[in-house]
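A quick write-up on the structure given underneath.
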Amino acid sequence: MALIKLARQLGLIDTIYVDGARPDPNNDPEESFIEDEVTEANTVPAKSKKSRKSKRLAMQPYSYVIAVDFEATCWENQAPPHWREAEIIEFPAVLVNLKTGKIESEFHQYILPIESPRLSTYCTELTGIQQKTVDSGIPLTTAIVMFNEWLRHEIRTRNLTLPKMNKSNVLGNCAFVTWTDWDFGICLAKECNRKGIRKPAYFNQWIDVRAIYRSWYKYRPCNFTDALSHVGLAFEGRAHSGIDDAKNLGALMCKMMRDGALFSITKDLTPYQQLNPNFSL
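The opening residue of the sequence shown carries number 17 in our numbering; numbering runs sequentially from there.
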């Protein structure tokens with residue numbers, strides 16, 4: 017009987033019924049046996065979501081992230097000419113513990129623009145940054161030095177490792193995160209190159225949260241606020257305030273991790289080097 021049943025399942029034989037009188041499947045022992053097997057298979061307990069999530073969390077290489085969101089000079093409805101490039105005017109960073117969801121440290125400085133020292137009305141209205149705020153700001157070079165000191169302290173205090181910092185742990189357990197590649201890939205890179213500023217090598221690797229978000233949730237948000245809303249989060253603070261954007265980005269990272277998303281470096285400006293050149297913290 018088992019061989020006949022298998023042959024039927026494989027379509028090797030057909031059963032011919034006299035006068036088209038097909039028996040009731042409910043009374044057919046073989047059909048009933050097959051149906052029982054299917055029912056039994058469907059009722060086998062599936063692996064719990066909690067268990068799967070726990071395994072994914074165990075695979076997560078990063079326990080901390082540093083969320084960064086620069087604000088820069090901007091002008092309404094026009095691309096700036098070559099002599100009016102965007103300059104960073106707000107340099108915020110927050111260190112987020114992904115396991116607790118807490119912000120454990122912040123770095124925040126306003127930067128004095130030198131190429132276009134007068135902020136446009138559009139820029140002030142968009143970012144909320146006032147002219148007097150940037151007038152009393154510090155040069156970008158000074159901000160980078162101060163950031164390096166802040167970063168060194170936080171890294172050493174928590175025994176953290178950034179990507180390509182240590183040969184024994186090239187991935188690291190702490191990474192920079194941004195929303196898109198603009199902050200490090202365009203804004204900071206172009207300004208440092210244009211002004212001859214030495215950019216620390218640790219800015220060469222980061223996680224573009226938007227790229228991970230799109231892949232994980234299978235959703236393309238129209239903006240950052242929409243991305244938060246789609247996963248049940250509300251933006252806290254003022255939109256386009258760099259420090260508030262960074263804090264909300266950290267909150268989104270924690271939410272994504274709780275949902276099971278895995279994070280990895282999405283952009284590496286020194287891809288063929290095992291460690292960052294001249295790296296020290």
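Every residue gets a Cβ at the ideal spot worked out from N, C-alpha and C, and that includes glycine.
The DSSP-derived three-state label of LEU111 is strand. Excluding residues up to 5 positions away in sequence, ILE105, GLU106, PHE107, ILE145, THR149, VAL150, SER152, GLY153 and ILE154 lie with their Cβ nearer than 8 angstroms to the Cβ of TYR126 in the same chain. By the Cβ-count criterion, GLN289 is exposed, with fewer than 16 other Cβ atoms from all chains shown falling within 10 Å of its own Cβ. For TYR80, the enclosing beta strand (DSSP E) covers residues 80-84. Judged by DSSP secondary structure, CYS139 falls within the alpha helix (DSSP H) whose first and last residues are 137-143. Annotation: the region 122-191 contains no complete segment of the beta strand (DSSP E) (minimum length 3 residues).
Straight across, the Cα-Cα distance linking SER79 with LEU285 is about 23 angstroms.
By alpha-carbon distance to VAL110, the top candidate from THR140, SER132, LEU156 and VAL193 is VAL193. Under the DSSP assignment, TRP232 falls in the alpha helix (DSSP H) whose first and last residues are 225-233. Each of ARG134, SER245 and SER121 was checked against the Cα of THR89, and the nearest Cα belongs to ARG134.
A straight-line Cα-Cα distance of about 8 angstroms links LEU249 and LEU268. Residue burial is scored here from C-beta neighbours: ARG274 has fewer than 16 other C-beta atoms within 10 angstroms and is therefore classed as exposed.
The beta carbon of GLU120 sits closer than 7 angstroms to the beta carbons of LEU111 and ASN113 from its chain, once the five residues preceding and following it are set aside; these are given in chain order. In this structure GLU170 is buried. Its beta-carbon is surrounded by 16 or more other beta-carbon atoms within 10 angstroms.
In the DSSP assignment, LYS211 falls within the unbroken alpha helix (DSSP H) covering 205-211. Residues of the same chain with a CB within less than 6 angstroms of the CB of ARG174, apart from the 5 flanking positions on each side, do not exist.
In this structure, the alpha-carbon of ARG172 lies about 21 angstroms from that of LYS215. Across the set ILE130, ASN164, VAL84 and GLU92, the C-alpha of ILE130 shows the shortest separation from the C-alpha of LYS211. Going by DSSP, SER245 is part of the alpha helix (DSSP H) stretching over 240-246. The DSSP-derived three-state label of ILE281 is coil.
By the C-beta criterion, the region 195-203 is judged to be in contact with the region 212-232, since at least 3 inter-stretch pairs fall below 8 angstroms.
Across the structure, THR157 and SER132 are spaced so that their CA atoms are roughly 17 angstroms apart. Between ASP261 and ASP85, the C-beta spacing is below 7 angstroms.
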